[in-house]
Amino acid sequence: MLVEIIDVIISGMINGSVYALMAVGLTLIYGVSKAFNFAYGSFYSMGGYVAFMIFGAHINNYILVFCLAAPILFLLGYLIEKALVAPLRKRDDWEIKVMMITLGLALFLDNSYQVIFGARMKSLPTILEGSIELGDFILSYQDIIIFIFSIGGILAFRWFLNNTRTGMSVRAVAQNPAGAQIVGIPKEFVFSATFAISTVMVGMGGILLAQKYFVTPMGGWDILVKSWVITAFGGMGSIKGSLYAAFIVGMLEAFVGWHFGMNWTLIALFAVLLTTLAIRPQGLMGKWG
Amino acid sequence: MDHKRIAIVLAVIWGVVAILPVFFGSTNLYMHILIMCLIWSVVASCWDLIMGFAGIFSFGQVAFFVIGAYSSAIISAKFGVPPIFAVFAAGVVAGGLGVLVGLPCLKLKGAYIALVTFAVHMILEPVLKGDIGRAIGTGGSRGILTIEPMNIFGYTFLSSEPIPYFYLMLLVAIICSAIILIVIKSHWGTAFLALKDSEDFATCLGVSAFKYKLRVFALTSFLTGLVGGFYAHYVGMLSTRMLGIDLFVTLMVILVIGGVGKFPGAIIGAFITIALNELLSPLGPYRPIILGALVVVLVLLLPDGIIGLIQKILPKKNNGLPIES
Amino acid sequence: MKKALTLLLILVCCLFAAQSTLAQDAIKVGVPLAMTGPYTDTGDNYWKGIKMAIDEINTNGGLLGKKLEPVRFDTQEFAPERVMQGAEYLCGKLKVDSVHAGWAGWGQDVRAYGKYTAPFFADDGSQAAVDVFKQDTKKYKNIFQLTDTGINQGQSMFNVLMALPYEYPNKKAAIITADDAWGTEVGETLKENFKAKGWKVPLHEVVPYGTNQWGPILTKIRKTKPAIIHVEIVSAQEVITFFRQFMKKPTNSILSYGYSLVPREVVGTMGKEADGLIGEVPTAMPTPKAPTPEAQAWLDKFQGIWKHLPQAGSWAAYSGVKAWATAVEAVGDEKNHDAISDYIATKGYKGETGWWKWDADHVMRAGGDVPIAHYQVQDGQMIAIFTDPPTKPYKDYKFQVPRWIKK
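Quick mapping for you: the protein sequence lines, in order, are chains E, U and F.
Going by numbering that gives the first Met the number 0, the first sequence opens with residue 0, and the numbers climb by one from there.
Going by numbering that gives the first Met the number 0, the second sequence opens with residue 0, and the numbers climb by one from there.
Going by numbering that gives the first Met the number 0, the third sequence opens with residue 0, and the numbers climb by one from there.
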């Protein structure tokens, strides 16, 4: 029994690190610009496809792939924000308009992937083969790398927000856009940049997870829904909240799946989410939202 | 647009729609598409009332539609209730569930409401397919493949002869749009306007946001469920495949084309979107690409949809209450 | 603004133009398949078979001297009104003379196309579709199923599992299926069979599509150590992630993938890594060597056109078109739908491997010249090791004990 429970805890931790990686970008855009990005999942797939193309060009080193993909994704995210989201910001009902335009964008992107790359899934080479065995338990290097990247990435990002000037100006815009502008922070640029950074983060997550779970044209929807649940659960805009929420959700899924069966995980997940929101409408640690 | 103008526009729309069978009546396919247009126009109008008008980001409209469809099919099959009463019972079930969902979630903020209502959509599929669903008669993942056709006073509406059903649906759509118009016109409408202008001030004056929001939520869920019931008895079969992303996106496109918060817009949007969808259908995978691009372009260039365009072209005669912000 | 409208207008005009250029004297053949959404890939497999048959007939002078003209319809995600609309469009408006589908709606299609008379071929493999058919065999006489039901396929999988030249270390089986009609049908059948044989089924899990973290299930598997694990999820992503996570610490279990072995990416992605997996394809052309010279010629031709081995459904869909064409030639009039349906139902069709006969339920039951083929992945290739029913080894291909099973 104990062995099993530890095994389930390990699965939960792996799930949690994957979810944390997915969700942090969404919480960032929502926290800073209050914009809900429906195309988030499509950016996840975009990361996978960009990596797929880089590998197609016979570049077989993951470090190189990350270095090449990051600026591409940043540029795409920046341009999309400038062209599609920024013009809407002036309107009263811009929140709903942003949801709609990003939904349209998601539809456009997902189906473009299908036309360009085909409906079949694409796989990337495994980042690091092999696994370590600890008595009854087994951990693959793949999972360990995902875990380190996601926790490391989130902590580094938090450090950046709290301790650098640029990071502080991002937080200033998040807390009070008008005030930030008065003290000379380029508000528009911060909005575009955060959107671009979030695209890079989810795209990187896409590459990292694609080598374990593959890339498919419509694969982004699951990611969007999961990230959405986690950000809302943790409190939209709170990075620390997302991190906790991701691990709680990961554990919950592992235990419910193990004890009650896999088709109860979604129901259990939403039951817990609803209860949490009924008690704390702003999520676990939400303050900006 | 003031209410008189909305009423006139509605009358024109329904008048034009009513004579369409003269041109298309001979082809079942076109009649079928028109019936679907009528059904989606009601669902989209309800969604518009919630989202554009009451300002609640509800994403559960498809879910309430499916709940209504399943309830009506199950009620008519299990209890031998005639379909015409079953659809109303289905509306009540959907409305009741709407209140249940609304109670906790209307106190939340924008994106949270969207999530919770969308969650209803997400959970519905495992529930309908799973043990719970099978126990209440959803047929699990098989779906319900035999549903009694609609019949009123001994007259049976068959899907092979769609013209009578078209007029029945037209009647339903007219009644639903009239109800929505009355809601907008009534003190509910004024209350929402006040809440939108200044929630704090309106609350001070004794306008309870929660109460009004819950009522609108219940009403639209009821209407959506009712139309879902009509759908079930028309199509004659149901499966959880209606919960796919396609239908959800189509409804969203209807609102974008019609204009959010521009009431009769959703109705016009439904007809345009469904027609466009059919025209683009031979293009296979390029259809959703074009549809997606269209949404992006329209949101940027025509943020108020088709109604916004009409308002721009027609000379302004705005002396009534401006219901749109 | 104006530009956008002009563009839109041009687009709409183009569409109308495209629609009106259809040839005049041709026989229209309806092809409702998923062209967008999650079922696109399966739709593609059927289309390849159908296209091949139509091109073949057209290059040989057409049918009754007329060219065949396929009209495609996108069934998207098989929502009820979409299935119905396909029938209204193809049969009602265009008045096509036959309809060739693949997965078509699992019973919804029987209702929709049964309203019309044009022969309709589907590959539902579902008892639900047969149940609808039985409600009114006269009305639905134009409906033909190209494969046997999930129940009978599950039965066949069980027969072969029991016939494997391998001694099971215990009598425990784990069954994991998707939550769709197909998966549950197969899962229930296997479970009943195992129980009847005195086996235990300690794990019977129904999972939603998109499951790719198998930790909790594998925990249970590693505890119970079943002799057979059957996975029935027709989607590559799920079954590959399952296999890889299972292989981190395998148990002494035969991995039976049933129909889930067929998505082309499963073996395509894993190659030799997939060695040892077993699975089945109904209405299948056994590979790598076909049973007859004609069949081998067909196989070579298919590979010549599409540059890969046929996938599940390609040959079935191809044969549907050919069976219909044969009946049309015999009847002599493509418009006489009733006579054509009667001909197909009574006479059948002689294909590359032998006779196709539809039973009273208009289902192409497995067996005879068109059995279910059971494969094992060996050296990165799907090798037919058994055919069933009756259960017998195929040619001299042999079952190999998977590499993860330790003695």
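Backbone N, C-alpha and C fix where the C-beta goes; we use that ideal spot for every residue, glycine too.
Given the structure is predicted, the values throughout are model-derived calculations rather than measurements.
Backbone CA spacing between residue i and residue j [nearest angstrom]
{"i": "E/L123", "j": "E/K211", "result": "8 Å"}
{"i": "U/G153", "j": "F/V131", "result": "25 Å"}
{"i": "E/G205", "j": "U/M121", "result": "23 Å"}
{"i": "U/F58", "j": "F/G270", "result": "43 Å"}
{"i": "U/A231", "j": "F/W181", "result": "23 Å"}
{"i": "U/G67", "j": "U/T219", "result": "12 Å"}
{"i": "F/I384", "j": "F/L202", "result": "27 Å"}
{"i": "F/E55", "j": "F/F242", "result": "40 Å"}
{"i": "U/G228", "j": "U/G235", "result": "10 Å"}
{"i": "F/V233", "j": "U/G138", "result": "21 Å"}
{"i": "E/D135", "j": "E/V2", "result": "7 Å"}
{"i": "U/T145", "j": "U/V295", "result": "40 Å"}
{"i": "U/A113", "j": "F/K66", "result": "53 Å"}
{"i": "F/V200", "j": "F/E237", "result": "22 Å"}
{"i": "E/G178", "j": "E/I229", "result": "30 Å"}
{"i": "U/F64", "j": "E/F259", "result": "30 Å"}
{"i": "E/Q180", "j": "E/A38", "result": "28 Å"}
{"i": "F/T20", "j": "F/K27", "result": "Note that F/T20 scores a pLDDT of 48, beneath 50, so its modelled location is shaky; the value from the coordinates is reported in the next line. About 14 Å."}
{"i": "F/H229", "j": "E/F254", "result": "23 Å"}
{"i": "U/K128", "j": "F/Y208", "result": "13 Å"}
{"i": "E/R88", "j": "E/F194", "result": "14 Å"}
{"i": "E/I196", "j": "E/L127", "result": "26 Å"}
{"i": "F/R434", "j": "E/Q141", "result": "Absent from the structure is residue 434 of chain F, since the part of chain F shown begins at 0 and ends at 406."}
{"i": "E/M99", "j": "U/L167", "result": "32 Å"}
{"i": "E/V199", "j": "E/L75", "result": "9 Å"}
Boundaries (first-last residue) of the alpha helix (DSSP H) holding residue i
{"i": "E/M200", "result": "186-212"}
{"i": "E/F232", "result": "219-233"}
{"i": "F/E80", "result": "79-86"}
{"i": "U/H2", "result": "2-23"}
{"i": "U/H31", "result": "27-47"}
{"i": "F/A344", "result": "336-346"}
{"i": "F/D54", "result": "39-58"}
{"i": "E/T165", "result": "164-174"}
For residue i, the first and last residue of its enclosing beta strand (DSSP E)
{"i": "U/E198", "result": "Premise fails: U/E198 lies in the alpha helix (DSSP H), 198-203, not in any beta strand (DSSP E)."}
{"i": "F/A372", "result": "371-377"}
{"i": "E/T274", "result": "First-last for E/T274: 264-278, but that is the alpha helix (DSSP H), not the beta strand (DSSP E)."}
Nearest candidate by alpha-carbon position, reference residue i, set the options
{"i": "E/L283", "options": "E/Y39, E/I100, E/A245, E/W263", "result": "E/A245"}
{"i": "F/T418", "options": "F/A195, F/S125, F/I150", "result": "Lying before the first or after the last residue shown, residue 418 of chain F is absent from chain F, which here runs from 0 to 406."}
{"i": "E/W220", "options": "E/H258, E/F269, E/L108", "result": "E/L108"}
{"i": "E/V64", "options": "E/A277, E/F54, E/A173", "result": "E/F54"}
{"i": "F/K406", "options": "F/K92, F/A78, F/E76, F/P168", "result": "F/P168"}
{"i": "F/T282", "options": "F/G104, F/M363, F/A100", "result": "F/M363"}
{"i": "F/T268", "options": "F/G124, F/A289, F/T240, F/P285", "result": "F/T240"}
{"i": "U/L222", "options": "U/D199, U/M241, U/G90", "result": "U/G90"}
{"i": "F/K346", "options": "F/T352, F/G366, F/W323", "result": "F/W323"}
{"i": "U/I55", "options": "U/R240, U/V86, U/A208, U/R286", "result": "U/A208"}
{"i": "U/M149", "options": "U/I143, U/S158, U/H31, U/D199", "result": "U/S158"}
{"i": "U/E277", "options": "F/A359, F/Q212, F/N211, F/Q84", "result": "F/Q84"}
{"i": "F/K349", "options": "F/Y317, F/P392, F/Y374", "result": "F/Y317"}
Close Cβ partners of residue i (< 6 Å) along its chain, the five nearest in sequence each way excluded
{"i": "U/M92", "result": "First, the residue type needs correcting, since residue 92 of chain U is Val and not Met in the sequence shown. S70."}
{"i": "F/A311", "result": "V261, V280"}
7 Å Cβ shell around residue i - same chain, five flanking residues per side excluded
{"i": "F/Y139", "result": "V109, G113, F132"}
{"i": "F/V327", "result": "L62, L63, E333, I339"}
{"i": "F/K47", "result": "W305, S313"}
Same chain, Cβ closer than 8 Å to residue i, neighbours up to 5 away in sequence not counted
{"i": "F/L93", "result": "K27, G29, V70"}
At 4 residues or longer, what runs of the alpha helix (DSSP H) sit wholly inside the segment 229-295 of chain U? 244-257, 263-279
Go through the segment 70-136 of chain E residue by residue and report every complete run of the alpha helix (DSSP H) that reaches 4 residues or more, in order. 93-116
Fully enclosed by the segment 245-287 of chain F, which alpha helix (DSSP H) runs are 4 residues long or longer? Listed in chain order, they are 263-269.
Residue ranges of each alpha helix (DSSP H) within the segment 291-332 of chain F, 4 or longer: Annotation: the segment 291-332 of chain F contains the following complete segments of the alpha helix (DSSP H) (minimum length 4 residues), in chain order: 292-305, 313-330.
Of all the alpha helix (DSSP H) runs that stay within the bounds of the segment 102-129 of chain F, which reach a length of 4 or more residues? 107-113
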